[in-house]
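Colleague: I have a structure here, written as C-alpha cells, and I will follow up with some questions on it.
2 protein chains.
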Amino acid sequence: MPVDLTLAPKEKRAAGDVCCEPIALPDVDVAQAEQLSKLAKALGDPIRLQIVDVLRSHAGEVCVCELVPLFDVSQPTLSHHLRKLREAGIVDSVKRGLWSYYFVKPEPLKELNSWLS
Amino acid sequence: MPVDLTLAPKEKRAAGDVCCEPIALPDVDVAQAEQLSKLAKALGDPIRLQIVDVLRSHAGEVCVCELVPLFDVSQPTLSHHLRKLREAGIVDSVKRGLWSYYFVKPEPLKELNSWLS
DNA sequence: GTGTTAGATCGACAGGCATCTATGTAAAAG
DNA sequence: CTTTTACATAGATGCCTGTCGATCTAACAC
Chain E
1 MPVDLTLAPK EKRAAGDVCC EPIALPDVDV AQAEQLSKLA KALGDPIRLQ IVDVLRSHAG
61 EVCVCELVPL FDVSQPTLSH HLRKLREAGI VDSVKRGLWS YYFVKPEPLK ELNSWLS
Chain F
1 MPVDLTLAPK EKRAAGDVCC EPIALPDVDV AQAEQLSKLA KALGDPIRLQ IVDVLRSHAG
61 EVCVCELVPL FDVSQPTLSH HLRKLREAGI VDSVKRGLWS YYFVKPEPLK ELNSWLS
C-alpha cells in the first residue's frame, strides 16, 4: 500500500548489460490503484460475486430474504457479505418495513470495467 | 464456495404478503463465479493491481529487476505477489539468463471484463 | 574452481477474513 | 402489552494472507 510509483533512475549494471528496456509508467496512481483493488477485493469471493450477479440481473431491488436461500451459508454470513459489498460501494440498500432491499450501484463497477479495458 | 444457485420455490409468507418479486436467476454458474472471483481476488491488492497495470502499459515483457524498485516492499514480497498473479493465470513469465520477465495474459482479464459489462 | 547476481522459496509472525452460533433490534402481528 | 419475523451485530474459531529476513538455486563472471 505505501507505494511510490515514480520510475527510479536506471543505474548502470555492473556487467554493463541491460536486462530490459526502461518500463512504461503505470497508468493509475496509488489512490486509483487502492480504489480499484478495493473493488476487486470485494468481488474476490464467489458468494459475493454471485450476489452482485443476481442483483445485476434483477432490474431493481432484491430483498435479503430472497438472497439467503440461494446460497448455502447462514443468514449472518450472507449479511456479512452484503456488508462487505456495501462498504466497497458496490451495492446499497434500503429498508422498508421488516425487509431490506439491496441493489447494485453501477458507477463503481464501471470504474473497474474501464480500467480493465 | 458450496453454492446451489437453483432458485428455491417461493413459499407463501405466513402473513400473506410478499417482500418482493421472485428474483431473476444469476447469469453465472458456480464454476464461473469461482473463476471470476479468483481473478478478482488476485487483483484485490493494490500492489498486484499496479503490477498488472505496469505490465499492461508496457507492450512486451518486463524484468523483475525493473519491477522491484517501483514498490516499497521487499523483493521476496514482490515475488510473492507475482506468484499470486501467476497462479491466478493473469500473468506468466519466462526466464532468460539470470532474469525473469513477466507479461500479462490477456484472456483472463478479458473474461472478467466481459462479466462486468 | 570461487564469487556474484537475480530471483524464488522458506519459516515466522501479525493481522484479516469467512464462517458459525448466539444475541440484539426494530417493525409488524396478535 | 407479548410474540414473531427480518435482518444486523457480536464474539469465537480456524484458516488465509502480506510482510519480513534468511536461505536456496541457477546462471553468469572471473
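These protein sequences, in sequence, are chains E and F.
In this text, residue positions in the first sequence follow the numbering used here: the first is 1, and each later residue adds one.
In this text, residue positions in the second sequence follow the numbering used here: the first is 1, and each later residue adds one.
For every residue, glycine included, the Cβ atom is placed at its ideal position computed from N, Cα and C.
Show which residues of chain E have a CB atom less than 9 angstroms away from the CB atom of GLY89 (chain F).
Modeller: Within chain E, no residue comes near GLY89 (chain F); the closest Cβ sits about 14 angstroms away, beyond 9 angstroms.
Colleague: May I ask you to list the residues that DSSP assigns as paired with ASP53 (chain E)?
Modeller: Bridge partners of ASP53 (chain E): none, in fact.
Colleague: In chain order, what residues of the same chain have a beta carbon less than 6 angstroms from the beta carbon of LEU43 (chain F), not counting five sequence neighbours either side?
Modeller: Once the five neighbours on either side are set aside, the close Cβ partners of LEU43 (chain F) are LEU49.
Colleague: Apart from the five residues on each side of it in sequence, which residues of its chain come closer than 8 angstroms, Cβ to Cβ, to PRO2 (chain F)?
Modeller: With a pLDDT of only 41 at PRO2 (chain F), under the threshold of 50, the placement of this residue in the model should not be trusted; the figure read from the coordinates follows. Answer for PRO2 (chain F): no residue qualifies.
Colleague: State the Cα-Cα distance for the pair LEU98 (chain F) and VAL64 (chain F), rounded to the nearest angstrom.
Modeller: Between LEU98 (chain F) and VAL64 (chain F), the C-alpha separation is close to 10 angstroms.
Colleague: Identify every residue that forms a DSSP beta bridge with ASP27 (chain F).
Modeller: Looking at the DSSP assignment, ASP27 (chain F) forms no beta bridge with any residue, so it has no partner.
Colleague: For SER114 (chain E), which of helix, strand or coil comes out of DSSP?
Modeller: Three-state DSSP puts SER114 (chain E) in a helix.
Colleague: I'd like the ranges of any alpha helix (DSSP H) spanning at least 4 consecutive residues and lying wholly in the region 65–113 of chain F.
Modeller: Listed in chain order, the complete alpha helix (DSSP H) runs (minimum 4 residues) inside the region 65–113 of chain F are 75–87.
Colleague: Please work out which residues of its chain come closer than 6 angstroms, Cβ to Cβ, to GLY89 (chain F), disregarding the five sequence neighbours upstream and downstream, and give them in chain order.
Modeller: Taken in chain order, the residues that qualify are PRO108.
Colleague: In three-state terms, what does DSSP make of PRO9 (chain E)?
Modeller: Below a pLDDT of 50, predicted positions are generally treated as unreliable, and PRO9 (chain E), at 33, falls in that range; no measurement from the model is reported.
Colleague: When the Cα atoms are used, what is the spatial distance from SER100 (chain F) to SER93 (chain F)?
Modeller: Cα-Cα distance, rounded: 6 angstroms.
Colleague: Could you give the C-beta distance for LEU85 (chain F) and VAL52 (chain F), rounded to a whole number, given that I count them as a contact under 8 angstroms?
Modeller: Indeed they touch by this definition, with Cβ atoms about 7 angstroms apart.
Colleague: Give a single yes or no on whether TYR102 (chain F) has its beta carbon closer than 7 angstroms to a heavy atom of the ligand FAD.
Modeller: No copy of the ligand FAD appears in this structure; indeed no ligand is present at all.
Colleague: Rounded to whole angstroms, what's the CA-CA distance from HIS173 (chain E) to VAL68 (chain E)? Just pull it up for me.
Modeller: Any question about residue 173 (chain E) goes unanswered here, given that chain E covers just 1 to 117.
Colleague: Hey, out of F:SER117, F:LEU116 and F:GLU111, whose CA is closest to GLN35 (chain F)'s CA?
Modeller: The shortest Cα separation from GLN35 (chain F) among F:SER117, F:LEU116 and F:GLU111 belongs to F:GLU111.
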